[in-house]
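These notes are about the structure you will find just below.
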Amino acid sequence: MRRVDGRAANELRPIQFEPGFHPYAEGSCLITMGNTRVLITATVEDKTAPFLKGTGSGWITAEYSMLPRAGKQRSQREVARGTPTGRTMEIQRLIGRALRAVTDCKALGERTVWMDCHVI
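Below, the structure is given as structure tokens:
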């Protein structure tokens with residue numbers, strides 16, 4: 628079985644990484660996979676989550692959003708609605724948990740790394 632774009636059912640779209648995409652963030656990357664683009668920036672804050680204060684350990688947290696026209700139809704910005712959807716909250720949690728699972732948070736010291744992920 629082939630997909631509309633000619634790929635096999637188990638074939639991924641080509642993926643491209645552009646590190647250092649944003650000039651002001653401590654770290655950034657533009658990830659392109661087919662027509663999907665995600666801009667990720669990392670910001671380091673010199674304090675940790677309140678529940679980790681005094682432990683010497685750091686924290687990684689994530690925020691996620693989609694531009695209103697990132698999909699086929701425009702969706703209202705969640706900030707305009709006043710609260711993120713359950714889906715957005717779960718995606719943010721998933722990103723944070725995945726990154727913390729592969730990071731030695733003790734090595735961060737008492738710092739927080741904010742990962743901002745924007746589907747554009």
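Going by this note's numbering, the first residue of the sequence shown is number 628, and it counts up by one from there. Note that the Cβ used here is the ideal one computed from N, Cα and C, for glycine as well.
For T668 and E690, I'd like the C-alpha separation in whole angstroms. 10 Å
C-beta contact flag for I642 and M660 at 8 Å: yes
To the nearest angstrom, how far is the alpha carbon of V671 from that of G654? 9 Å
Of all the options G683, A707 and N662, which has the alpha carbon lying nearest to the alpha carbon of K760? With the chain represented from 628 up to 747, any question about residue 760 goes unanswered, as that position is not in the structure.
Ignoring anything shorter than 4 residues or poking outside the region 662-689, list the alpha helix (DSSP H) runs there in chain order. none
Measuring only the C-alpha atoms, how far is R640 from G633? 10 Å
Beta-carbon within less than 7 Å of T730's beta-carbon, same chain only, minus the 5 sequence neighbours each way: which residues are those? I687
Expressed to the nearest angstrom, what Euclidean distance is found between the alpha-carbon atoms of R704 and T663? 18 Å
List the residues that DSSP assigns as beta-bridge partners of P646. C656
Tell me which residue opens and which closes the beta strand (DSSP E) that T715 is part of. Per DSSP, T715 belongs to no beta strand (DSSP E); it is in the alpha helix (DSSP H), G713 to A728.
Starting from V740, trace the beta strand (DSSP E) in both directions and tell me its first and last residue. T739 to V746
Minimum C-alpha distance to V706 - residue among G698, M716 and E645: M716
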